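Quick note, the sequence shown lines up with residues 345 to 449 if you use the numbering used here. The beta-carbon is built from N, C-alpha and C at its ideal position, and this holds for glycine as well. The structure presented is a predicted model; accordingly, all values stated were derived computationally and were not measured. Have a look at the structure below before the remarks.
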Amino acid sequence: MNISTDFTTIPDNFAKAAPEENKINGVPVVSFPFYVDKLPDFVHYLHWRFVDDDAIPVCGFQWIHWVVANVPVEALMFDFNDSRALQIPQDFSRTMPTMIPEVVQ
Numbered sequence: 345m346n347i348s349t350d351f352t353t354i355p356d357n358f359a360k361a362a363p364e365e366n367k368i369n370g371v372p373v374v375s376f377p378f379y380v381d382k383l384p385d386f387v388h389y390l391h392w393r394f395v396d397d398d399a400i401p402v403c404g405f406q407w408i409h410w411v412v413a414n415v416p417v418e419a420l421m422f423d424f425n426d427s428r429a430l431q432i433p434q435d436f437s438r439t440m441p442t443m444i445p446e447v448v449q
């Protein structure tokens, strides 16, 4: 499996310098796009997390920004310009099973 992005440093649009429309109460809430490819045929669901190891010297532990689990591979789109591409809203939770009905709750 290969996970990649189109950048090496997270762009400002997704970090502390994000435009106001990408923030709620001054906090950035839009995650950066990434690609997942070269999945083995036996993979049916994906789980991933976005963590910040740079937080360890500051707070003593790895900061977990977000975690996603039980996303069916067929729910993913590989073209971010595709209007059907999977976009997870900032309030997504297990209380919203209709967003991706195939996700095991």
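CA-to-CA distance, residue j to residue i, given in whole angstroms
| i | j | result |
| --- | --- | --- |
| asparagine 357 | isoleucine 368 | 13 Å |
| phenylalanine 405 | alanine 359 | 20 Å |
| threonine 353 | phenylalanine 386 | 32 Å |
| proline 363 | histidine 388 | 36 Å |
| proline 372 | isoleucine 400 | 21 Å |
| asparagine 366 | tryptophan 407 | 21 Å |
Residue i, DSSP secondary structure in three states
| i | result |
| --- | --- |
| isoleucine 354 | coil |
| aspartate 381 | strand |
| asparagine 366 | helix |
| alanine 415 | Correcting the residue identity first, residue 415 is valine in this sequence and not alanine. The answer is strand: DSSP assigns valine 415 an E or B state. |
| valine 374 | coil |
| valine 387 | coil |
Residue closest to residue i, alpha-carbon to alpha-carbon, out of the options
| i | options | result |
| --- | --- | --- |
| valine 395 | Lys382, Pro377 and His409 | His409 |
| phenylalanine 376 | Ser348, Pro416 and Ala419 | Ser348 |
| phenylalanine 351 | Tyr379, Pro372, Asp397 and Arg393 | Tyr379 |
| leucine 420 | Leu383, Ala362 and Val374 | Leu383 |
| tryptophan 392 | Glu365, Asn414 and Asp381 | Asn414 |
| methionine 345 | Pro355, Asp381 and Val374 | Asp381 |
Cβ-Cβ separation, residue j to residue i (assumed contact under 8 Å), whole Å
| i | j | result |
| --- | --- | --- |
| leucine 390 | valine 417 | 6 Å |
Exposure of residue i, with buried meaning 16 or more beta-carbon neighbours within 10 Å
| i | result |
| --- | --- |
| valine 402 | exposed |
Residue i: CB within 7 Å of a non-hydrogen atom of the ligand COA
| i | result |
| --- | --- |
| valine 395 | The ligand COA is not part of the structure shown, which contains no ligands of any sort. |
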